Amino acid sequence: MDIYDTAVLSRVVENLPPPSTFLLDTFFPNVQTSDTEDIFFDVDTSKPRITPFVHPTVGGKIVADRGFATNSFRPAYAKDKRILLPGQPVKRRPGERIGGNMAPMERRQAQLMQNLEDQLDMLTRREQVMASEALRLGQVTVTGEQYPTVVVNFARDAALTVALAGGARWGQAGVSPLDNIEAWAAIIQAKSGAIARTVVMDPKAWGIFRNDATVLLRLNRFYAQGASQASLGPIAFGPGNQRARFVGNIGDFDFWVYQEPYVDENGATQQMLPDYTVIMGATDPTGQTKYTLEGVRCYGMILDEEANYQAERYFIKSWLEKDPANRLLLMQSAPLTVPFRPNASFCATVN
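In structure tokens:
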């Protein structure tokens, strides 16, 4: 079997341990592919309406369809190319016994697996960053080498992005974080008709929230792990490969604590959620609730003949340069995270 065959490489990546995908799994569970360079996506612009009254002898009143806007965007290409140098298979790998106990081609295969896993991690992290921007700002900024900066604005209502200041910040005298949560959920419902029950905080926002007297009194840290077993939180479980902690609930609000660092293109360490961030969203993993964020991971066409110009999450290929004898490994993707119902999310900076 040729381990560098495109189909083999794709199967290898599919079987790799999944990286952290908490924001994607929680708020953007759906996948959409486009058979063109452009991604076409819908954004719900409808309002909660009621049936009109008329006299029984009067003809029915024409009611317009629910509104949505169809947008298009030509995404930037996410490309990750690695060079597998010819001298690496003859050198001992990290963790290998001193003196070496692996054959050169075994080391090459291990090196290939390590690079594939790293490429998948980096692509997922890029998608997580886009998901964070969409949830926090109602827009995603796409920029890159020879790609003009484009802001994909999902037209979220301005009332759904808040920065508390002065005496209104969490931790200040007379400020009730739980009252804020209730009020923000009401805004989401008024703007979208959706019921937001999922609340995600970064550790600093959670540190203030959990110390509030009302929260301490009402927070239920018990949750059922099975039909006959209960455990005391907080724990790490749920979507996202254990990167988020479910820390309890109050009423029908579920509270999660999430943070993940990453290094940007300039080598600077960033955080998925800025300090003191609270995100709220309408989600339903069962798919039974009508009004949710309905986040979608969109992917455009892979502009590569060897990919048959298909739209996939990623396309991987490898080839050997004859002189010098270097093997190259390339992953390509054209991603964008899209909230179909952007007004079903909310973000606040609380301190």
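The opening residue of the sequence shown carries number 8 in the numbering used here; numbering runs sequentially from there.
Beta carbons are placed, not taken as given, at the ideal position from N, Cα and C, and that holds for glycine.
Only a predicted model underlies this, so the values are computations on that prediction, with no experimental measurement involved.
By how many angstroms is the C-alpha of residue j removed from the C-alpha of residue i?
i           : j           : result
residue 242 : residue 123 : Confidence is the limiting factor: at residue 242 the pLDDT is only 46, short of 50, which leaves the residue's position unreliable and the question unanswerable from this model.
residue 184 : residue 216 : 6 angstroms
residue 235 : residue 163 : Confidence in residue 235 is poor, its pLDDT being 38 and thus under 50, which makes the residue's placement unreliable; the coordinate value appears in the next sentence. Taking the straight line from one Cα to the other gives about 42 angstroms.
residue 299 : residue 130 : 26 angstroms
residue 176 : residue 147 : 27 angstroms
residue 256 : residue 262 : 6 angstroms
residue 154 : residue 85  : 11 angstroms
residue 297 : residue 203 : 12 angstroms
residue 143 : residue 309 : 29 angstroms
residue 30  : residue 264 : 11 angstroms
residue 286 : residue 328 : 48 angstroms
residue 44  : residue 159 : 16 angstroms
residue 3   : residue 340 : Outside the shown range of the chain, which is 8 to 358, sits residue 3, and nothing can be said about it.
residue 39  : residue 357 : 34 angstroms
residue 127 : residue 321 : 9 angstroms
residue 201 : residue 194 : 10 angstroms
residue 145 : residue 34  : 13 angstroms
residue 20  : residue 87  : 14 angstroms
residue 284 : residue 266 : 10 angstroms
residue 211 : residue 46  : 36 angstroms
residue 354 : residue 32  : 18 angstroms
residue 178 : residue 80  : 42 angstroms
residue 326 : residue 208 : 44 angstroms
residue 228 : residue 254 : 6 angstroms
residue 37  : residue 27  : 17 angstroms
residue 132 : residue 251 : 15 angstroms
residue 156 : residue 15  : 35 angstroms
residue 10  : residue 161 : 42 angstroms
residue 41  : residue 317 : 8 angstroms
residue 23  : residue 282 : 31 angstroms
residue 50  : residue 226 : 35 angstroms
residue 113 : residue 313 : 27 angstroms
residue 330 : residue 48  : 45 angstroms
residue 305 : residue 291 : 19 angstroms
Any idea if residue i is buried or exposed, counting beta-carbon neighbours within 10 angstroms, 16 or more meaning buried?
i           : result
residue 303 : buried
residue 3   : This structure leaves residue 3 out entirely; the chain is present only between 8 and 358.
residue 301 : buried
residue 206 : buried
residue 352 : buried
residue 25  : exposed
residue 82  : buried
residue 213 : buried
residue 348 : buried
residue 90  : exposed
residue 350 : buried
residue 220 : exposed
residue 307 : buried
residue 18  : exposed
residue 192 : buried
residue 335 : exposed
residue 181 : exposed
residue 134 : buried
residue 289 : buried
residue 115 : buried
residue 167 : buried
residue 270 : exposed
residue 92  : exposed
residue 279 : buried
residue 171 : buried
Per DSSP, residue i forms a beta bridge with which residues?
i           : result
residue 265 : 251
residue 355 : 169, 285
residue 154 : 151
residue 89  : 336
residue 160 : 146
residue 227 : 256
residue 39  : 305
residue 136 : The partner list for residue 136 (beta bridge, DSSP) is empty, contrary to what the question assumes.
residue 270 : 276
Could you confirm whether any beta carbon from chain B is found closer than 8 angstroms to the beta carbon of residue i?
i           : result
residue 290 : The chain inventory of the structure shown lacks chain B, comprising one protein chain alone.
Is any heavy atom of the ligand SAH found at a distance shorter than 7 angstroms from the C-beta of residue i?
i           : result
residue 181 : As for the ligand SAH, it is missing from this structure, which has no ligand bound.
Meets three-Cβ-pair contact criterion under 8 angstroms: the region 266-281 and the region 186-195: no
Curious, which full-length alpha helix (DSSP H) runs of at least 4 residues does the region 273-353 contain? none
Evaluate the contact criterion for the region 127-139 versus the region 339-353: three or more CB pairs, one atom per stretch, below 8 angstroms. With a cut-off of 8 angstroms, the region 339-353 and the region 127-139 count as touching, because enough Cβ pairs lie within range.
Quick check for students: name the residue ranges of the beta strand (DSSP E) that lie wholly in the region 181-222, counting only runs of 3 or more. Listed in chain order, they are 205-208.
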